[in-house]
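Order-wise, the sequence lines are chains L and P. The numbers in our numbering rise by one with no breaks, and the one at position 359 of the first sequence is 680. The numbers in our numbering rise by one with no breaks, and the one at position 30 of the second sequence is 39. C-beta: ideal position from N, C-alpha, C; glycine also.
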Amino acid sequence: MAKSPAGDESPEQQWREAFDATPERDVSFTTLSGTPVEPLYTEADLPENADEQIGLPGQYPFTRGVYPSMYRGRLWTMRQFAGFGSAEETNERFHYLLDHGQTGLSTAFDMPSLMGHDSDSPLSLGEVGREGVAVDTVEDMTTLYKGIDLGEVSVSMTINAPAAIMLAYYVVAAEREGVPPQQLAGTIQADILKEYIAQKEWCFPIDPAMRLMGDMIEWCSQQMPRWHPVSISGYHIREAGSTAAQELAFTLKDGLTYVEQAVERGLDVDDFAPRLSFFFNAQIDFFEEIAKYRAARRIWARELKETFGAKNPKSWLMRFHTQTAGVSLTAQQPLNNVVRTAIEALAGVLGGTQSLHTNSYDEALALPTEDAVRLALRTQQIIADETGAASTIDPLGGSYFVEALTDKIEAEAYEYFKKIDELGGMVAAVKANYPQREIADASYELQQEIDSGRRVVVGVNAYTEGDEQQTALHRSDPAMERGQVDRLNAVRAGRDSAAVEASLVNLREAAAQQRANLMPLLIDCTRTDASEGEIVQALQDVFGKYTESPVF
Amino acid sequence: MTAASSTQKIRVVVAKPGLDGHDRGAKIIARALRDAGMEVIYTGLHQTPEQIVETVVQEDADAVGLSILSGAHMTLVPKIVELLRAQGIDDVVVTVGGTIPADDIPQLKELGVAAVFTPGAPTQEIIDFLVSAVGEREPR
């Protein structure tokens with residue numbers, strides 16, 4: 322039956338017929354997270370109340386950005402995560418990055434510091450100063466930021482289980498330089514729930530860990546008005562293999578749980594919510610990532626305003642840091658990682674990030690070399706200054722595809738919220754291994770797709786080359802560990818042991834009382850030069866330790 | 010076809026030595042080996058070399074897969090191999106997976122590590138390797 326092109330068919334129907342006449346490529350058209358993607362999106366895919374849902378930048382529900390001017394006013398902060406070896410070496414890299422145009426500092430700690438062990442603990446063997454900087458006492462913290470004006474430069478610290486201890490070190494180190502806590506700007510990650518979900522660096526069981534975090538948030542809300550006491554992080558959840566929707570849902574639910582806890586402590590939501598910030602991954606599925614950030618802003622604004630009754634519009638704003646996906650980098654043909662990182666970084670920018678870390682191309686092989694780190698920073702500068710991506714706000718706003726994906730991912734997040742609530746909330750869900758299992762399932766499915774060749778990873782399961790060319794790698798100095806242990810011993814030898822012991826006794830006593838805020842006691846311990854391992858041990862005497870029952 | 014079709018099930022310990030918390034790979038491998046019909050014992054995180062060797066002994070394992078992404082492999086792997094030898098164990102197939110620079114691989118193999126799998130290694134390659142390496146050993 323022939324129909325004339327000008328007949329009663331709509332242009333959409335005509336397109337559909339013409340489209341169907343061409344066979345599709347034999348691949349699965351799904352996002353990285355497995356969401357089916359239509360061949361075309363049209364106005365029909367926009368939400369019914371599109372004006373309200375999409376809105377304008379700086380206006381509720383902030384889908385298009387948290388600020389009215391976004392990058393027209395000020396670019397995102399280019400914040401490369403750095404830290405390795407001794408505090409002195411890391412301090413040198415910080416000065417190098419600041420000299421090359423970086424505008425904020427981001428500190429990576431070594432594994433022993435992240436887990437609350439001193440450098441001379443048998444558990445620290447081989448790990449001291451390897452994945453980040455080794456910090457044992459306030460002396461190391463002082464060296465780490467030497468010559469940097471802490472009243473001016475914002476500092477981010479990626480540490481969680483012992484975050485309250487490291488914050489105490491930072492406050493005392495700054496105090497010795499004459500900078501009071503009120504002037505310190507920056508962020509400490511301190512997102513403990515995602516440790517049990519994904520990153521797996523813990524010191525204490527979940528309940529006392531939540532209390533310690535609550536103590537820190539409360540103390541910061543009174544003493545550190547420029548400080549972000551928690552960076553609610555989806556990054557590690559995604560790196561552990563979650564989907565985009567899982568990253569979004571679990572992260573926001575973690576955040577809502579912290580809000581709930583703080584409100585239960587009697588804090589006014591508007592006293593601390595403006596200081597909460599987020600940290601997301603930028604994976605390689607460009608549009609899905611952009612949609613994720615847009616959906617995240619909308620959900621957070623709605624929950625804070627509607628559920629928690631926040632009155633201050635600043636409480637509604639979901640500000641976030643982005644890091645490109647380490648898990649997307651390949652050891653094969655490592656230069657390909659430059660391209661992956663650039664695309665992921667652009668997604669973060671088009672998603673309206675407030676700060677950005679771009680990974681170095683050699684990170685699937687080892688810690689990055691200085692050249693690779695500089696190239697990663699230059700990638701951001703090219704996006705900022707050459708591409709035009711920063712010239713207009715939310716350039717993809719109104720895109721049929723991006724808006725439809727934003728709605729879809731938002732709906733999926735609410736489905737997860739419902740399931741978590743049915744389990745009794747996030748703390749109960751984490752104890753029941755629920756998010757852990759969801760992530761393990763998703764990561765296994767993705768790996769199977771890659772192994773079967775249904776999903777292509779260039780250089781890994783397609784376009785492979787034989788022998789890989791060698792890349793110059795960063796090497797840790799084995800003498801470093803010895804040097805760090807010597808420094809720790811020197812501090813121990815030079816301090817007043819009775820004062821250390823007394824401060825630890827006070828800490829134990831306060832820890833045993835549910836109502837005491839532990840922050841001032843941690844600061845007292847810091848002033849006596851108590852080491853991180855000693856403080857963690859004192860708290861473990863009261864709180865106990867945590868052992869995971871892993872699911873796979 | 011599974012590894013268990015003709016003979017006894019292969020018993021594999023998948024272990025996370027040291028403080029490194031990156032367990033995506035270890036869990037994927039553990040599940041893939043289990044799906045391939047092997048008996049998998051996953052130690053969980055933050056294991057000391059002593060704990061891992063004890064698990065290998067107690068579970069009477071045929072193979073142990075060590076997953077390390079922290080860069081501490083040149084400290085931890087020699088320690089584990091040494092402890093295994095001290096227990097008189099020399100027929101357990103030891104493999105290492107993770108971010109291992111190519112330069113370190115010959116040294117690890119010299120220590121007695123049977124294979125090193127770096128990021129991007131397909132799970133099937135690891136399954137096939139274990140089936141053949143465990144099969145080639147002298148009967149215990």
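Contact belief for residue i with residue j at Cβ below 8 Å, rounded distance in angstroms
i         : j         : result
Leu353(L) : Ile538(L) : With 8 Å as the limit, Leu353(L) and Ile538(L) do not qualify as a contact, their Cβ atoms being about 33 Å apart.
Val65(P)  : Val101(P) : 6 Å
Leu588(L) : Arg400(L) : Not confirmed; about 28 Å, so no contact.
Leu435(L) : Thr108(P) : Leu435(L) to Thr108(P), Cβ: 17 Å. No contact.
Trp548(L) : Ala482(L) : Actually they are not in contact, since the Cβ atoms of Trp548(L) and Ala482(L) sit about 19 Å apart, beyond 8 Å.
Val456(L) : Ala494(L) : Not quite, the Cβ-Cβ distance comes to about 10 Å (not below 8 Å), so this is no contact.
Ala24(P)  : Thr57(P)  : So it is not a contact: roughly 10 Å between Cβ atoms.
CB contact check: residue i to chain P, cutoff 9 Å
i         : result
Tyr765(L) : yes
Val648(L) : yes
Met432(L) : yes
Asn633(L) : no
Lys521(L) : yes
Glu869(L) : yes
Ser349(L) : no
Ile480(L) : no
His438(L) : yes
Ala687(L) : yes
Ser445(L) : yes
Thr651(L) : yes
Gln858(L) : no
Gln335(L) : no
Beta bridge counterpart(s) of residue i as assigned by DSSP
i         : result
Ser681(L) : According to DSSP, which records beta bridges pairwise, Ser681(L) is partnered with nothing at all.
Gln56(P)  : Pro26(P)
His549(L) : Thr508(L)
Tyr51(P)  : Val23(P)
Met399(L) : Leu677(L)
Pro357(L) : Thr351(L)
Leu444(L) : Looking at the DSSP assignment, Leu444(L) forms no beta bridge with any residue, so it has no partner.
Ser870(L) : According to DSSP, which records beta bridges pairwise, Ser870(L) is partnered with nothing at all.
Met476(L) : The identity of residue 476(L) in the sequence shown is Val, whereas the question assumes Met. Answer is Leu426(L) and Gly507(L), bridged to Val476(L).
Ser764(L) : Paired residues: none, contrary to the question.
Helix, strand or coil at residue i [DSSP, three-state]
i         : result
Trp336(L) : helix
Phe405(L) : coil
Val456(L) : coil
Ser14(P)  : Bear in mind that the predicted position of Ser14(P) carries a pLDDT of just 45, short of 50, making it unreliable; the figure below should be weighed with that in mind. In the structure shown, Ser14(P) sits in coil (DSSP, three-state: anything other than H, G, I, E or B).
Leu435(L) : helix
Ala95(P)  : helix
Phe415(L) : helix
Ile856(L) : helix
Thr104(P) : strand
Phe601(L) : strand
His31(P)  : coil
Gly422(L) : coil
Gln644(L) : strand
Met639(L) : coil
Gly74(P)  : strand
Ser720(L) : coil
Ala710(L) : coil
Val584(L) : helix
Min CB distance residue i to chain L below 9 Å
i         : result
Met83(P)  : yes
Gly53(P)  : yes
Arg94(P)  : no
Ala35(P)  : yes
Pro115(P) : no
Gln17(P)  : no
Leu28(P)  : yes
Thr11(P)  : Only weak support is given to the placement of Thr11(P): the predicted model assigns it a pLDDT of 44, under 50, and the value that follows is read from those uncertain coordinates. Not closer than 9 Å to any Cβ of chain L, the Cβ of Thr11(P) fails to qualify, so no.
Asp32(P)  : yes
Residue i CB to nearest heavy atom of the ligand ATP below 8 Å
i         : result
Leu465(L) : With respect to small molecules bound, the structure shown includes none, and the ligand ATP cannot be examined in it.
Report yes or no: do three or more beta-carbon pairs, one from the segment 485 to 494 of chain L and one from the segment 717 to 736 of chain L, lie closer than 8 Å?
-> no
Do three or more CB pairs link the segment 593 to 613 of chain L to the segment 642 to 659 of chain L at distances below 8 Å?
-> yes
Counting Cβ pairs, one atom from each stretch, are 3 or more of them under 8 Å apart for the segment 837 to 846 of chain L and the segment 422 to 436 of chain L?
-> no
For the 8 Å Cβ check, are there 3 or more pairs between the segment 740 to 747 of chain L and the segment 327 to 346 of chain L?
-> Fewer than three Cβ pairs drawn from the segment 740 to 747 of chain L and the segment 327 to 346 of chain L lie within less than 8 Å of each other, which leaves the two stretches out of contact.
The segment 392 to 411 of chain L contacting the segment 606 to 613 of chain L, beta-carbon criterion three pairs below 8 Å = no
Below 8 Å, can you find three or more Cβ-Cβ pairs linking the segment 443 to 459 of chain L to the segment 802 to 816 of chain L?
-> yes
Contact the segment 711 to 724 of chain L vs the segment 355 to 366 of chain L: 3+ CB pairs below 8 Å = yes
Can we say the segment 679 to 694 of chain L touches the segment 810 to 830 of chain L, given the rule of at least three CB pairs closer than 8 Å?
-> no
Hey, is the segment 609 to 626 of chain L in contact with the segment 561 to 574 of chain L, meaning 3+ C-beta pairs nearer than 8 Å?
-> Verdict: yes, contact present.
Any chance the segment 545 to 560 of chain L sits against the segment 509 to 524 of chain L, with 3 or more Cβ pairs inside 8 Å?
-> yes
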